[in-house]
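Asks:
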Amino acid sequence: MNAGLRYSLSVFGLLILWKLAAERAALDMLPPPEIAFAEFGHAVKSPRFWSHFLASSFRVICAMSAAWLIGFPVGILIGYYRLLDQFLSPVIFLTYPIPKIVLLPVFLVVFGLGDFSRIFIIALIIGYQILVATRDSVLQVNSRYLDAFRSMGGGPIETITHVLIPAALPQGFTALRIGAGTAVAVLFFVESFATESGLGFFIMDSWGRFDGGRMFVGIMGMSLLGVLLVEVIDYLERTFCAWKFVETGRQKPAAKPGILLQKIGTYGHMIKFSHTVFALPFALAAVILANRHYPITGLQIVWILTAMVAARSAAMGFNRIVDARIDAQNPRTSDREIPAGRLSQKSAAWFVLISAVLFFFSAGMLSRLCLILSVPVLGILFLYSYTKRFTALSHVYLGFSISMAPLGVWVAVSGQIDWPILLLCLALLTYIAGFDILYACQDLDFDRSEGLFSIPARLGASAAFHMASLLHLVTFVCLFFMHLVFDMGPVYLFTVLIIGVLLIVEHRMVRPDDLSSIQAAFFHVNSAISVLLFLGILGNEFMQR
Amino acid sequence: MISVQSICKTFSGQDGPVLENITFQIDDGQTLSIIGPSGCGKTTLLYILAGLIQPTSGQTTMTGPVHVNKIGQSAFVLQDFGLFPWKTVTQNIELGLKLKRVPPAIRKETVNRLLTDMGLPGMGARYPSQLSGGQKQRVAIARALATDPDILLMDEPFSSLDAMTREHLQNLMRDMWIKNRISYLIVTHSVEEAVFMGRRILILTGRPGRINAVVDNPNFAAPDFRLQPEFFESQKQVRLALEKSV
């Protein structure tokens with residue numbers, strides 16, 4: 001299993017544990033994750049939180065910079081000059097095991113209660129670690145490097161700049177990264193008394209007031225600070241030790257936390273996360289419509305969104321695995337994550353599994369009925385991947401599976417299926433089926449040669465275009481009649497009119513013999529249509545209230 | 546010309562000398578192979594020639610046609626660890642020039658010429674870890690040549706390569722000698738390599754290292770030398786001398 005998945009799995013596991021613990025304990029001081037995150041979302045808008053955050057950042061960044069600027073050069077010098085080593089190493093190794101933090105009271109007396117003492121103690125603790133790691137790595141430099149360098153006429157200063165510093169940097173950065181965790185921990189300690197600024201103070205202050213939510217805002221702030229520090233250090237290491245991270249062809253560079261964001265990007269790319277924008281507005285539209293008759297809580301919306309994104313991720317991931325072999329042969333898709341080797345089949349499978357579990361979990365959080373239905377729904381979604389192997393109607397089936405989204409929302413909120421929502425589902429079905437047919441025109445020759453089923457492969461491009469137009473006409477009609485069924489006013493009707501125009505524009509942008517602008521047509525126009533529909537329904541609600 | 550006069554080397558704390566009474570001479574544009582059992586002080590001899598360590602007694606003198614400054618008259622090609630993994634191919638090759646404060650324009654020109662000569666075009670931006678073993682040694686040779694030295698000192702330069710690549714690089718090195726007549730001294734433990742690369746072959750005895758025999762190999766630059774009877778004849782001589790020296 002690779003790094004990205006391990007991280008998301010552990011985050012997910014931790015959240016569940018947190019949630020369970022909070023439910024079990026039912027204490028004010030241990031709020032459940034969603035409350036804590038909501039409070040945090042609230043706090044990031046307040047300048048007070050940021051003033052504490054900045055005070056803490058200032059202290060820890062000053063301390064770590066000082067630790068590096070002193071620890072690293074001294075480590076290099078001690079490692080290089082034997083004489084210096086003989087005198088300084090005993091001092092260092094005698095004092096190394098002494099817990100420096102116990103000296104804080106001394107420093108507070110000597111340097112006063114200001115920032116300096118606090119920065120000093122953090123820098124002292126981290127500086128030691130950097131110094132020792134740097135010295136060791138200098139001593140480990142193979143003497144042949146030094147011989148080679150001297151034979152080229154390099155002097156002592158040049159030996160340091162050309163050989164010792166680059167050789168010691170990786171271990172120095174490792175010490176710095178480990179030090180970042182220690183630094184934040186010490187920071188919390190030194191901020192927890194005799195000061196009124198910083199996240200440590202913020203946490204202890206909230207604790208004193210029995211304000212669990214606010215306390216967790218501080219805790220999350222400190223975690224954020226730690227994560228940011230590690231990410232910055234990773235970035236610096238990547239910049240200054242680029243040679244450590246190059247692909248050697250034989251082995252890939254070791255996975256480090258810094259790759260997390262990049263990995264998320266790779267997975268997001270695999271499932272075309274940005275394309276969520278097509279179906280999500282329909283689901284949200286269903287939320288608004290259902291809210292007329294049934295009450296909806298904020299928490300429900302969170303779980304609806306989670307379920308939708310998780311189901312979609314599982315389905316897309318599954319599709320990419322099933323189609324990996326086909327994708328690899330098609331020049332248009334051979335650069336997709338799995339065929340291109342950026343993701344292994346195994347990690348993609350893990351990704352699908354985790355997404356599926358998340359889907360079931362969020363469905364379960366909505367209602368028992370949702371949990372039961374989530375299993376066949378996922379089956380429907382997975383089945384799509386096989387349809388193009390036996391029927392040209394695979395496009396319609398894709399529309400059908402995606403139209404589960406607004407239907408699922410309705411069931412989640414109302415606990416039953418009311419027929420008016422089916423009109424929205426039909427609109428989504430035909431809308432998706434229509435543009436999937438257009439999209440499939442790109443693969444016409446490939447599909448024919450591989451014996452895959454699609455409307456363009458079966459009927460030819462121009463017939464496929466007519467079929468798509470027909471489907472989009474149905475979309476328009478469904479959207480139009482929704483204003484009667486749901487009793488919506490002029491704002492909605494006007495929106496539907498614009499959508500009609502956009503659909504025509506979309507069909508004008510691509511022609512059977514010219515598909516060059518299909519990507520633009522797809523992404524921009526479709527996202528505009530989906531978002532417009534949602535805004536139209538939302539605007540209509542505001543007008544009618 | 547490089548001239549070595551009765552060099553002895555004893556390391557402090559070790560019983561007995563490593564090298565004893567080594568005397569030889571390499572004229573400008575000549576080549577020499579040194580072969581001997583392991584532990585015969587071959588590498589120590591190279592370090593002395595490169596000026597990295599001082600002999601206990603005896604002396605070396607170098608007189609070059611162009612260069613008169615002491616440092617940089619010789620250039621080293623090491624077996625492993627020669628290239629700095631944190632420097633790109635270009636940075637490795639130009640390092641010697643940079644240390645001599647050669648202006649960037651000339652450095653760039655030299656690097657490009659050497660990359661082409663060594664069959665490494667377009668590899669300048671790579672790191673050593675991205676190269677094959679053979680490519681790495683080519684970069685090491687290019688780096689040694691960059692400073693335009695009077696003599697190349699090669700310490701088992703090809704021993705960690707596979708047989709095919711090794712032969713290929715031996716050919717490359719010798720073709721370059723035929724073209725430019727740059728003196729080199731190669732330390733090796735392969736009889737074949739010693740005979741293929743050296744105009745003369747110096748056979749050392751095991752501890753302490755002494756010169757046991759010198760095999761003259763005048764035809765070593767002949768075309769297709771590997772297929773000539775002289776190639777095998779010289780190998781036979783070297784092997785016989787080696788057997789006596791153990």
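Respectively, the protein sequence lines represent chains G and R.
Numbering follows our numbering, with no gaps: position 202 of the first sequence is 202.
Every number in our numbering is 545 more than the matching position in the second sequence, counting from 1.
Here a beta-carbon is modelled for each residue, glycine too, at the ideal position from N, C-alpha and C.
Within 10 Å of its beta-carbon, does Val732(R) have 16 or more other beta-carbons around it, so buried, or fewer, so exposed?
Replies: Looking up residue 732(R) in the second sequence gives position 187. Result: buried.
Asks: Please list the partners that Gly627(R) has in chain G, where partner means a Cβ-to-Cβ separation under 9 Å.
Replies: Walking along the second sequence from the start, residue 627(R) turns up at place 82. Those are Arg144, Tyr145, Ala148, listed as they occur along chain G.
Asks: Let me know the secondary structure DSSP gives Asn614(R) once reduced to three states.
Replies: Along the second sequence, read from residue 1 onward, the residue named residue 614(R) stands at position 69. In this predicted model, Asn614(R) has a pLDDT of only 40, less than 50, meaning its place in the structure is not dependable; the value taken from the coordinates is given anyway. Residue state, collapsed to three classes: coil.
Asks: Comparing alpha-carbon positions, which option in Ile304(G), Thr391(G), Gly317(G), Gly41(G) lies nearest Phe579(G)?
Replies: Any answer about residue 579(G) is impossible in this case: the structure gives chain G only from 1 up to 545.
Asks: By the three-class DSSP mapping on this structure, what secondary structure does Val498(R) have?
Replies: Outside the displayed span of chain R (546 to 791) sits residue 498(R), for which this structure offers no information.
Asks: Decide if Ala689(R) is buried, meaning its Cβ has at least 16 other Cβ atoms within 10 Å, or exposed.
Replies: Position 144 of the second sequence, counting from 1, holds the residue named residue 689(R). Buried.
Asks: Can you name, in chain order, every residue of its own chain whose Cβ lies under 7 Å from the Cβ of Gln345(G), other than the five neighbours on each side?
Replies: Taking the first sequence and counting its residues from 1, one reaches residue 345(G) at position 345. Answer for Gln345(G): Ile321, Ala324, Ile338, listed in chain order.
Asks: Using 8 Å for Cβ pairs, my map puts Ile547(G) next to Ser89(G). What's the rounded Cβ distance?
Replies: Nothing can be reported for residue 547(G), as the shown portion of chain G is limited to 1 through 545.
Asks: So which residues of chain G does Pro702(R) contact, with C-beta pairs closer than 9 Å?
Replies: In the second sequence, counting from the first residue as 1, residue 702(R) sits at position 157. By Cβ distance, chain G contributes nothing, its closest Cβ being about 12 Å from Pro702(R), past 9 Å.
Asks: Taking Cβ-Cβ distances below 7 Å as the criterion, which residues of the segment 633-649 of chain R are in contact with chain G?
Replies: Cβ contacts with chain G come from Leu640, Gly641, Leu644, Lys645.
Asks: Can we count Leu717(R) as close to the ligand HEM, meaning its CB is less than 7 Å from some heavy atom?
Replies: In the structure shown, the ligand HEM is absent, as is every other ligand, since no ligand is present at all.
Asks: Ignore the nearest five residues each way along the sequence and tell me which others in Ile498(G)'s own chain have a CB closer than 7 Å to its CB.
Replies: Here residue 498(G) refers to the residue found at position 498 of the first sequence. For Ile498(G), where only same-chain residues beyond five positions count, the Cβ hits under 7 Å are Leu532.
Asks: Could you name the residues of chain R that Glu158(G) contacts, counting a contact when the two beta carbons are closer than 7 Å?
Replies: Here residue 158(G) refers to the residue found at position 158 of the first sequence. Going along chain R in sequence order, the residues near Glu158(G) (Cβ under 7 Å) are Leu644.
Asks: May I ask you to report which of helix, strand or coil DSSP gives Leu538(G)?
Replies: The residue labelled residue 538(G) in the question sits at position 538 within the first sequence. Leu538(G): helix per DSSP, three-state reduction.
Asks: Who are the Cβ neighbours of Val496(G) in its own chain at under 6 Å, not counting the five residues just before and after it?
Replies: Numbered from its first residue, the first sequence carries residue 496(G) at position 496. Within the same chain, Val496(G) has close Cβ partners Leu479, Phe480.
Asks: Using a Cβ-Cβ cutoff of less than 7 Å, which residues in the same chain neighbour Gly226(G) once the five nearest sequence positions on both sides are dropped?
Replies: Stepping through the first sequence from its first residue, residue 226(G) is reached at position 226. Cβ neighbours of Gly226(G) beyond the five flanking positions: Ala180, Gly181, Val184.
Asks: With a cut-off of 8 Å, does the C-beta of Pro166(G) fall near any C-beta of chain R?
Replies: For the purposes of this step, residue 166(G) is taken as residue 166 along the first sequence, with counting starting at 1. At least one chain R Cβ lies under 8 Å of Pro166(G).
Asks: In whole angstroms, give me the CA-to-CA distance for Pro476(G) and Glu506(G).
Replies: Counted from its first residue, the first sequence places residue 476(G) at position 476. Counted from its first residue, the first sequence places residue 506(G) at position 506. Note on residue identity: the sequence assigns Phe, not Pro, to residue 476(G). Whole-angstrom Cα-Cα distance: 14 Å.
Asks: Does any residue of chain R have a CB that is nearer than 8 Å to the CB of His275(G)?
Replies: Mapped onto the first sequence, residue 275(G) falls at position 275. Not an interface residue.
Asks: Counting only C-beta atoms, is Ala595(R) closer than 8 Å to chain G at any point?
Replies: By 1-based counting over the second sequence, the position of residue 595(R) is 50. It does; some Cβ of chain G falls within 8 Å.
Asks: In angstroms with no decimal places, state the Cα-to-Cα distance between Ala242(G) and Thr555(R).
Replies: Within the first sequence, residue 242(G) is the residue found at index 242, counting from 1. Within the second sequence, residue 555(R) is the residue found at index 10, counting from 1. Using only the alpha carbons, I get a separation of about 43 Å.
Asks: Short check: CB of Gln618(R) to CB of Asp695(R), under 8 Å?
Replies: As a working note, residue 618(R) is residue 73 in the second sequence. As a working note, residue 695(R) is residue 150 in the second sequence. Contact: yes.
Asks: Answer yes or no: do Val246(G) and Tyr672(R) have a C-beta to C-beta separation smaller than 8 Å?
Replies: Taking the first residue of the first sequence as 1, we reach residue 246(G) at position 246. Taking the first residue of the second sequence as 1, we reach residue 672(R) at position 127. Yes; because the gap between Cβ atoms is below 8 Å, this pair is in contact.
Asks: Exposed or buried, what is Tyr384(G) when buried is set at 16 or more other beta-carbons lying within 10 Å of its beta-carbon?
Replies: The residue labelled residue 384(G) in the question sits at position 384 within the first sequence. Classification of Tyr384(G): buried, given that the 10 Å Cβ count is 16 or more.
Asks: Drop a sphere of 10 angstroms on the beta-carbon of Tyr397(G), count the other beta-carbons inside from all chains shown, and report buried for 16 or more, exposed for fewer.
Replies: One-based indexing of the first sequence puts residue 397(G) at position 397. Burial call: buried.
Asks: Taking 8 Å as the cut-off, decide whether the C-beta atoms of Asp445(G) and Ser454(G) are in contact.
Replies: For this step, residue 445(G) is matched to residue 445 along the first sequence. For this step, residue 454(G) is matched to residue 454 along the first sequence. No, these two residues do not count as a Cβ contact at 8 Å.
Asks: Roughly how many whole angstroms lie between the Cα atoms of Leu284(G) and Phe534(G)?
Replies: Counting from 1 along the first sequence, the entry for residue 284(G) is found at position 284. Counting from 1 along the first sequence, the entry for residue 534(G) is found at position 534. Cα to Cα, the separation comes out at about 7 Å.
Asks: How would you call Pro567(G), buried or exposed, if buried means at least 16 neighbouring beta carbons within 10 angstroms?
Replies: Within the shown structure, residues of chain G are numbered from 1 to 545, placing residue 567(G) beyond reach of any answer.
Asks: Hey, out of Leu424(G), Asp443(G), Val501(G), whose CA is closest to Ile537(G)'s CA?
Replies: One-based indexing of the first sequence puts residue 537(G) at position 537. Nearest of Leu424(G), Asp443(G), Val501(G) to Ile537(G), Cα basis: Leu424(G).
Asks: Measure how close the beta-carbons of Val740(R) and Phe703(R) come, nearest whole angstrom, since I'm counting them as under 8 Å.
Replies: One-based indexing of the second sequence puts residue 740(R) at position 195. One-based indexing of the second sequence puts residue 703(R) at position 158. In fact, because the Cβ distance is near 14 Å, the residues do not count as touching under 8 Å.
Asks: May I ask you to list the residues that DSSP assigns as paired with Val760(R)?
Replies: Translated into positions along the second sequence, residue 760(R) becomes position 215. BP columns for Val760(R) point to Ile746(R).
Asks: Taking the alpha-carbon of Phe621(R) as reference, which of Gln599(R), Leu676(R), Phe777(R), Thr588(R) has the nearest alpha-carbon?
Replies: Translated into positions along the second sequence, residue 621(R) becomes position 76. It is Thr588(R) whose Cα lies nearest to the Cα of Phe621(R).
Asks: Could you work out which residue in Phe210(G), Thr174(G), Phe282(G) is closest to Leu229(G) when comparing CA atoms only?
Replies: Counting from 1 along the first sequence, the entry for residue 229(G) is found at position 229. Looking at the Cα atoms, Thr174(G) is the closest of the given residues.
Asks: Sorted by chain position, which residues of the same chain lie with C-beta nearer than 8 Å to Val491(G)'s C-beta, five sequence neighbours on each side aside?
Replies: Position 491 of the first sequence, counted from the first residue, corresponds to residue 491(G). Cβ within range, chain order: Gly536, Gly539, Asn540, Met543.
Asks: When the distance is taken between beta carbons, is Phe107(G) closer than 8 Å to Ile122(G)?
Replies: Against the first sequence, residue 122(G) aligns to sequence position 122. Against the first sequence, residue 107(G) aligns to sequence position 107. It is not a contact, given that the beta carbons lie outside the stated cut-off.
Asks: With 16 as the cutoff for other CB atoms within 10 Å, does Gly341(G) come out buried or exposed?
Replies: Working through the first sequence from its first residue, we reach residue 341(G) at position 341. Exposed.
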